[in-house]
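The structure appears below as structure tokens.
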Amino acid sequence: MSIFGFKRNRTTNDSISATGTSCLLIDYENLAISLKEIDGFQSLDLSPILAVAKSRSPNGRLDVVHAYADWRHFSHDANALVRLGVKTVQAPSFRYQGKNATDIHMAVEATDLLHLHPELQVYFLASGDSDFTPLVQLLRSRGKQVIGIGIKGSVSRQLQTVCDDFILYDELMENFGNRVEDPPPPNLPETAKVPYKPKSIPNAAPRTR
């Protein structure tokens, strides 16, 4: 039990292999809410985050992948994450002395990993919250590399500065070609390519599909 009243989840840390070097900790609540505030039509996709973290990992894999949120509010997303191999960690959605409880839970488990698994050398932290600044400073003081991942326009400048490197989710989406684009027009025969000129109908109500 931590000083904040959270039960430490030791079982999630005991399966790391002896050669494990990297972990990815995701503040899912922060990312999902930040993305919705910036672009209400785009849903959070963790696939490019997982891919870039694996590509930056020294051994090409992630030994720990945890996503933290109050999953009562993201139940549909939780099922999709399980299929991606992400462990969802239930974190209560309340504030403790002005701090978000989800952030505290994630920081506590990161500190556990630091002490219990010194073989982990690279920590990927997916969040834009400045509350993680002390955690990043602690990890780096112990010789760990910290790479942050966050949503453009919602990332704390302070957090960006203390990380060894910081990756913007928006750029990942562009690089992985996951942005929704209009499909190309079908290849029609020449006889079918007749321009259509709709008649102007005053005061016409818009059609619904």
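Be aware that the sequence shown starts at 238, since it is given in our numbering, and climbs by one per residue.
Beta carbons are placed, not taken as given, at the ideal position from N, Cα and C, and that holds for glycine.
Less than 8 Å between C-beta atoms, sequence neighbours within five positions excluded: which residues of the same chain meet that for R377?
Locating residue 377 in the sequence shown gives position 140, counting from the first residue. Excluding positions up to five away in sequence, the list reads V383, V399 and D401.
Quick one: grab the DSSP three-state call for Q382.
In the sequence shown, counting from the first residue as 1, residue 382 sits at position 145. Note: Q382 maps to strand in three-state DSSP.
Just the Cα atoms here: how many angstroms apart are L321 and S284?
Within the sequence shown, the letter at position 84 stands for residue 321. Within the sequence shown, the letter at position 47 stands for residue 284. Rounded to whole angstroms, L321 to S284 spans 8 Å at the Cα level.
Measuring only the C-alpha atoms, how far is T370 from I341?
In the sequence shown, the residue the question calls residue 370 occupies position 133. In the sequence shown, the residue the question calls residue 341 occupies position 104. The alpha-carbon atoms of T370 and I341 are separated by roughly 12 Å.
What span of residues does the beta strand (DSSP E) with V399 cover, start to end?
Within the sequence shown, the letter at position 162 stands for residue 399. Careful: V399 lies outside any beta strand (DSSP E), inside the alpha helix (DSSP H) at R394 to V399.
Locate the alpha helix (DSSP H) running through L287, then write down its first and last residues.
In the sequence shown, counting from the first residue as 1, residue 287 sits at position 50. L287: member of the alpha helix (DSSP H) spanning S284 to R293, first to last residue.
Taking the Cβ atom as the reference point for each residue, do W308 and Q327 lie within a distance shorter than 8 Å?
In the sequence shown, the residue the question calls residue 308 occupies position 71. In the sequence shown, the residue the question calls residue 327 occupies position 90. The answer is yes: Cβ separation under 8 Å.
Between the Cα of V302 and the Cα atoms of G380, L396 and T258, which residue gives the shortest distance?
Position 65 of the sequence shown holds residue 302. Nearest option by C-alpha distance: T258.
Given 8 Å, three or more beta-carbon pairs between the stretch 338-357 and the stretch 285-299:
no
Using the rule of at least 16 other Cβ atoms within 10 Å of the residue's Cβ for burial, across every protein chain shown, is A255 buried or exposed?
To locate residue 255, count along the sequence shown from 1; it is residue 18. Annotation note: pLDDT 49 at A255 (below 50); position unreliable, coordinate value reported separately. Label assigned to A255: exposed.
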